[in-house]
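Okay, structure first, notes after.
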Amino acid sequence: MSPSLVLLAAGVLSLVLAAALAPPAFSRRDLAAQGGVALVAMAVMAVATSLDVVILALLAAGIVRAALAGPRDFATRVRAPVVATALLSLAVVFTRVQGPDLLERFAAVGVVGGLAAAVGVLPFIHPRDSDVAAEPDAVWIGFLGPVLAAAVLLRARELLSPDSGSDLGAMLIGLGLLNMVWGTLAAWLTQRDSAAWHYSFMADWGLALCGFGITVVEGRSAALLVLLGIVLGRFPLQLAARQPAGGGAAVDRPINFLLAALLAGSAPFAGFAARVLLLKGAVQIYWPLAVVLAIGFLLYLPPSLRLGRTLSRPRGRRAFALAVVLVINVAAGLYPLPILSLAGS
Amino acid sequence: MIEAGGAVLAWFGASLIVLSDGRRGLALGLGCIGLGMCAVVWPAGPGLAAGALALGGLIAAVQRLRNGSPGWAIMPAGSTPQLVLCVGAGLLSLWIGASVTSGGGASLRIAVLAVIGMMGARVLGARQPDVVLSCVAGLVLAVAAASSLAASSPETVVFLGGAVIAATSSFIRLREPSAA
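Protein chains in written order, with the numbering used here: chain A, 453 to 797; chain B, 9 to 188.
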């Protein structure tokens, strides 16, 4: 089983949890439509035999999602997936032609740029719709993006030569650190909670990119766990945090601290196991990177405490779904080996 | 000779999409890209694949002709940057495809690089849905054609998928945004 298939299965579960956790005012129909389109694209990406199919699925998902009614105009909604498609396609072309080594390095740039554009992380941050309930960016950065990243990066490594693969890794680590620092600080300091949630996704993506960039098995395992945490933790939780104005008071209950711990990657949640693996991998390739990462991990605490407080007290169905999210993340954190084995890591 | 003509036709089609805001110009551009990609893919890929690209491009062109802004609207006022893009992308693709890279299939490389680059750049500045959808259709045809560059035999499903996406994207009817 490939990492993409594991993330696809997690996506299905995440969609169910998101539907249960979303506030009553949130349109389940919209969620089902957006999530359904994303799931079909994710399934195609997960079983695709070549990068071409992955790119076509990305573009098709981008068109269909943009064509669904949204708060922004069609041209703005479709721009990021189209640019991502163009960059990834150019990268694929450069890996397939005979020529100087420099072309493969451009291909590595195209892979990183295309992935960043599709997901919506630095240097291609998607415009946000903070004022509306349906924030489409969350689907790319929190739901579809993880499968896309796994599908693209694992295939890209097969296409690139070892030298270009090292360049790709270095770019991923650099971009990962940038997103980590930017995401955590912005999530901490921004005024709007919806924007803070978006930046927190970027911060988690920073960890995932670093993991993919660290070319040892621990790095890949860490990236997979971070992406699982995004799909099965942060994505449904950010939907749960969407309350109408005045509908949810920010108070400090034990559940808020528990959720803050989950978001910060504290033990025993999945994020902690991912961070340990990331440090272990970083020590193996270049130990100062581990120091930088360890300092960066501390930055996750303030925004997580803030985001944990944005969730109101859950009741009934929502309380049950929240408990499921917590249990899954604890299970993945305490015993990640079955998941990693399933994903071939 | 046919391959070289196909590459020129694909570049010309992409240039029309970049320079035009009217449905006639966009439709002609899509048709040219479809036929151009068919011509450059034919020697490298299966006949079915080349045919699928041509058919996809032509369906997209016919459908584009039925809706969108009327007329040709080629090179409206303020089109100088787009014109520079067309010339620059063509020359850059020619240089990379024919000089920097080596091996057979130079026309395919030139056509694919030109169309992908120009469609990606056009989408960044376009606002009208019919222009954006035309760019998407042109881009997807080029992406599908690029699979012919693979060392192994290209997958037919990529060509068919690309043709279907190109054709169906022109049928999309857009709803108005729900908020400003």
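Cβ coordinates follow ideal geometry from the N, Cα and C atoms, glycine included.
Item, Value
"Any chain A beta carbon closer than 7 Å to B/ALA58", "no"
"Within-7 Å CB hit, A/ILE549 to chain B", "One detail in the question is off: residue 549 of chain A reads as Val in this sequence, not Ile. By this cut-off, A/VAL549 is an interface position."
"One or two residues paired with B/SER28 in a DSSP bridge", "B/ILE82"
"Helix, strand or coil at A/SER613 according to DSSP, with G and I counted as helix", "coil"
"Candidates A/GLN736, A/ASN781, A/VAL563, of which the one nearest A/SER466 by Cα", "A/ASN781"
"Contacts around A/GLY699, its chain only, beta-carbon distance under 6 Å, and the 5 residues preceding and following it disregarded", "Any reading at A/GLY699 is ruled out, since the residue's pLDDT is 47, under 50, leaving its predicted position unreliable."
"7 Å Cβ cut-off: residues of chain A touching B/ILE173", "LEU508, LEU511, ALA512"
"Beta carbon proximity, B/PRO137 to chain A, threshold 7 Å", "yes"
"Any C-beta of chain A under 7 Å from that of B/SER101", "no"
"Check whether B/LEU157 and A/ARG607 have beta carbons under 7 Å apart", "no"
"7 Å Cβ cutoff, A/LEU542 in contact with chain B", "yes"
"A/LEU612 to A/ASP704 span [Cα, whole Å]", "50 Å"
"For A/SER454, three-class secondary structure by DSSP", "coil"
"Contact set between the segment 714–748 of chain A and chain B, restricted to residues whose Cβ is under 8 Å from the partner", "none"
"Proximal residues to A/LEU556 (C-beta, below 7 Å), its chain only, five neighbours per side dropped", "Checking the displayed sequence, the identity of residue 556 of chain A turns out to be Glu instead of Leu. So the qualifying residues of the chain are PHE546, THR547, LEU612, SER613, SER616."
"Start-to-end residues for the alpha helix (DSSP H) that takes in A/TRP657", "645–665"
"Cβ contact (3+ pairs, closer than 8 Å) linking the segment 42–52 of chain B and the segment 113–124 of chain B", "yes"
"Cβ pair A/ALA512, A/LEU457 closer than 7 Å", "no"
"Own chain, CB closer than 6 Å to A/ALA660, minus 5 neighbours either side, in chain order", "ALA675, VAL678, LEU679"
"B/GLN136 (DSSP reduced to helix, strand or coil)", "coil"
"Three-state secondary structure (DSSP) of A/SER425", "The requested residue 425 of chain A does not occur in the structure, where chain A is confined to residues 453 to 797."
"Proximity test, Cβ basis, 7 Å: A/TYR674 and chain B", "At residue 674 of chain A the sequence reads Ala, which differs from the Tyr that was named. A/ALA674 does not count as touching chain B."
"Through-space distance from B/SER28 to B/MET83, alpha-carbon basis", "6 Å"
"Chain E contact for B/ARG130 (CB, 7 Å cutoff)", "Absent here is chain E; the protein component of the structure consists of chains A and B."
"Beta-carbon proximity list for A/GLN736, same chain, < 6 Å, skipping 5 on both sides", "VAL668"
"Nearest-angstrom Cα separation, counted from A/TYR787 out to A/ILE577", "34 Å"
"Cβ separation of A/GLY760 and A/ASN708, assumed to be a contact under 8 Å, to the nearest whole Å", "5 Å"
"Three-state secondary structure assigned by DSSP to A/GLY698", "Note that A/GLY698 scores 47 on pLDDT, short of 50, meaning its location in the model is unreliable; the coordinates nonetheless yield the value given after this. Correct three-state label for A/GLY698: coil."
"Neighbour flag for B/VAL148 against chain A, beta carbons, 7 Å", "yes"
"Separation of B/GLY21 from A/ALA493, as counted between CA atoms", "29 Å"
"Test item: CB-CB of B/ALA18 and B/VAL123 under 7 Å", "yes"
"Reference A/LEU778, options A/ILE682, A/PRO755, A/LEU729, closest by Cα", "A/ILE682"
"Test item: CB-CB of B/SER177 and A/ILE515 under 7 Å", "yes"
"Neighbour-count burial assignment, A/ARG517, 16 or more Cβ in a 10 Å radius", "buried"
"Helix, strand or coil at A/SER718 [DSSP, three-state]", "coil"
"Opening and closing residue of the alpha helix (DSSP H) in which A/ARG686 lies", "From DSSP, A/ARG686 is part of no alpha helix (DSSP H); its letter is neither H nor E."
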